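Reading the sequence shown from the start, the letters are residues 23 to 370 in our numbering.
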Amino acid sequence: MTLADRRPAPRTEPITDAYDLLMVGWSFVRGNLLMSAVELGLFEALAKEPGTAEQLTLRLGLHERGTRDFLDALAALGVLRRDGEVYRNSPAAEHHLIPGRQDFVGGFLAMTTQFMGGAGWNALTGMLRTGEPHGHDAGSVPFDEVFRDRRRLQLFLSAMDSLGGAIGPELAKRYDWSRHSTFVDVGGARGNLAGTLLLAHPHLTGGVFDRPVMEPFLDELARERGVADRLAFHGGDFHVDALPAADVLIFGNVLHDLPVGARRGLIARAARRVPPGGTVLVYDPMLDDDRTAIDNLVLSLVMMMQSPAGNEYPPAQCRSWMEEAGLRVEDVFALPAHATAVVGRRPA
Ligand SMILES: C[S@@+](CC[C@H](N)C(=O)[O-])C[C@H]1O[C@@H](n2cnc3c(N)ncnc32)[C@H](O)[C@@H]1O
23 MTLADRRPAP
33 RTEPITDAYD
43 LLMVGWSFVR
53 GNLLMSAVEL
63 GLFEALAKEP
73 GTAEQLTLRL
83 GLHERGTRDF
93 LDALAALGVL
103 RRDGEVYRNS
113 PAAEHHLIPG
123 RQDFVGGFLA
133 MTTQFMGGAG
143 WNALTGMLRT
153 GEPHGHDAGS
163 VPFDEVFRDR
173 RRLQLFLSAM
183 DSLGGAIGPE
193 LAKRYDWSRH
203 STFVDVGGAR
213 GNLAGTLLLA
223 HPHLTGGVFD
233 RPVMEPFLDE
243 LARERGVADR
253 LAFHGGDFHV
263 DALPAADVLI
273 FGNVLHDLPV
283 GARRGLIARA
293 ARRVPPGGTV
303 LVYDPMLDDD
313 RTAIDNLVLS
323 LVMMMQSPAG
333 NEYPPAQCRS
343 WMEEAGLRVE
353 DVFALPAHAT
363 AVVGRRPA
């Protein structure tokens, strides 16, 4: 089949899910993966000799932080093949993505992508080379930057509302809230998820622990939802301030921003703030064990681009942090927005 014969299969079902819509909007990220691979000379290197992530990191002068997620994402897209630990070109990459070969399409791809304004792919290539997010100093926390700018803060709040809006109703149903009376959503932004849990479970009292800047936005949401008498705001910095005590402490889309040491530290501190029988509930768009879930691999690279130590991780890793903190993992389940929840219970 030639390029001219190709007709994309028409989509038969209209999109009904907000998250699928986001995936269409973010589809440029998949293009960035391919463009960065061309720019880094990955296909040429693999045409010379297939290799492991470790070998390719050295051969291409990459930083180890993003290489494995990057290669697995390309394998999940079918651009590479992974046999055990070894990556090689797919037949199409071998034919069409090696500069100098007669059927090379990489130049066309680079030209048209720039022409179409494919902004952002330099950031991915840069992060793969240096291991650092584009535009942030290593060690800086991008939230500070976001919150200083009112317009970016509004955008951020609306983005967090959509995440909480997708996950909240399912978390309200899927987890057994009847055995608890209090929860605090740590890094719960303006409380969209907390509000949903409170409306679904009138016996619960909830809280959100977040940066002080969130307080007026949370107050507004609590009033609008009619849960102001059951939703408290705790302003602070979870790296230095004590976490509030509650039956359930939730960390949703929070740990993946942080260095691994801080993830383990927060879980350990949370495990001491829930009572015996209480739980620490973590959710993030975790990686699957086979490392083939393309959207989660892409989200991992996106985290690396926006946060100096961010990435996605498998549930087994979260389990080990919880067990280290003395918690017993009682459940692992899927949530919308590609998230996985891990629930650790403090033994009674
Ligand atoms: C990516 S958002 C997640 C929001 C929400 N939990 C969700 O699942 O959509 C991370 C949240 O953590 C908060 N956060 C980040 N660093 C924090 C810190 N050091 N102390 C308190 N909150 C922090 C941010 O303000 C933000 O609301």
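C-beta: ideal position from N, C-alpha, C; glycine also.
What you are looking at is a predicted structure, and each value in this text was computed from that prediction instead of being measured.
Candidates the options: closest to residue i by CA position
i	options	result
VAL270	ARG350, PHE205 and PRO191	PHE205
ASP310	LEU175, GLU346, ALA361 and VAL208	ALA361
GLY258	ALA293, GLN77 and ASP232	ASP232
ARG103	ARG313, ASN318, MET327 and ARG81	ARG313
VAL282	GLU71, TRP343, MET308 and ASP241	TRP343
PHE239	ASN214, GLY63, HIS223 and HIS261	ASN214
LEU193	ALA132, ALA356, ASP279 and LEU55	ALA356
THR152	ALA370, ASN318 and MET327	MET327
LEU372	SER184, PRO113, PHE65 and ARG286	Nothing can be reported for residue 372, as the shown portion of the chain is limited to 23 through 370.
GLY248	LEU220, GLY106, GLY366 and ARG52	LEU220
ASP207	PHE260, SER200 and LEU175	PHE260
ALA132	VAL60, GLU71 and SER200	VAL60
VAL262	ALA244, ALA284, ASP251 and ALA250	ALA284
ALA268	ILE289, ASP279 and THR301	THR301
PRO369	LEU64, GLY190, VAL320 and GLY299	GLY299
ALA97	PRO297, LEU56 and THR135	LEU56
MET308	ALA293, VAL276, ALA290 and ALA292	VAL276
GLU352	VAL364, GLY190, ALA359 and PRO358	VAL364
ASP279	SER203, VAL304 and PRO72	VAL304
GLU148	ASP125, VAL324 and GLU71	Note that residue 148 is Gly in the sequence shown here, rather than Glu. Out of ASP125, VAL324 and GLU71, VAL324 has the C-alpha closest to the C-alpha of GLY148.
For residue j and residue i, the rounded distance between their alpha carbons
i	j	result
SER162	VAL168	Note that SER162 scores 46 on pLDDT, short of 50, meaning its location in the model is unreliable; the coordinates nonetheless yield the value given after this. Spanning the two alpha carbons is a distance of roughly 12 Å.
LEU226	GLY100	47 Å
ALA254	ARG196	24 Å
ALA115	PHE130	14 Å
PHE50	PRO155	18 Å
VAL354	PRO121	45 Å
GLU66	ALA315	26 Å
ARG341	GLY274	15 Å
ARG367	HIS223	20 Å
ARG295	LEU265	7 Å
ASP166	LEU64	35 Å
TYR136	GLY53	Rather than Tyr, the amino acid found at residue 136 in this sequence is Gln. Going by the C-alpha atoms only, they are around 12 Å apart.
GLY287	ALA69	44 Å
LEU175	ARG201	36 Å
ARG123	ILE272	53 Å
VAL320	ALA95	7 Å
VAL230	MET182	13 Å
Cβ neighbours of residue i in the same chain (closer than 6 Å, five flanking residues each side left out)
i	result
LEU93	ALA75 and TYR109
SER322	ASP91, ASN333 and GLU334
LEU62	LEU82
VAL127	HIS118
ALA160	Residue placement at ALA160 is flagged as unreliable, the pLDDT there being 43, under the threshold of 50; the coordinate-derived value follows with that caveat. GLU154 and PRO330.
GLU107	THR74
VAL235	PHE169
Own chain partners of residue i with C-beta closer than 8 Å, once the 5 adjacent residues on each side are dropped
i	result
THR79	HIS85, GLU86 and THR89
ILE37	LEU43 and VAL46
ALA40	SER184, GLY187 and ALA188
Beta carbon proximity, residue i to chain D, threshold 8 Å
i	result
ASP91	Reference to chain D is not applicable here, since this structure consists of a single protein chain.
Residue(s) in a DSSP beta bridge with residue i
i	result
TYR109	GLY73 and ARG104
HIS256	PHE231
ALA13	This structure does not reach residue 13, given that the chain is present from 23 up to 370, and the question cannot be answered.
GLY274	TYR305
VAL206	GLY229 and LEU271
ARG201	DSSP lists no partner for ARG201.
ARG7	The structure shown does not extend to residue 7, since the chain spans only 23 to 370, so no value can be given for it.
Nonlocal neighbours in the same chain, by C-beta distance under 7 Å from residue i, ignoring five residues either side
i	result
LEU409	Because the chain in this structure spans residues 23 to 370, residue 409 falls outside the shown range and cannot be described.
LEU243	ARG212, GLY213, ASN214 and GLY217
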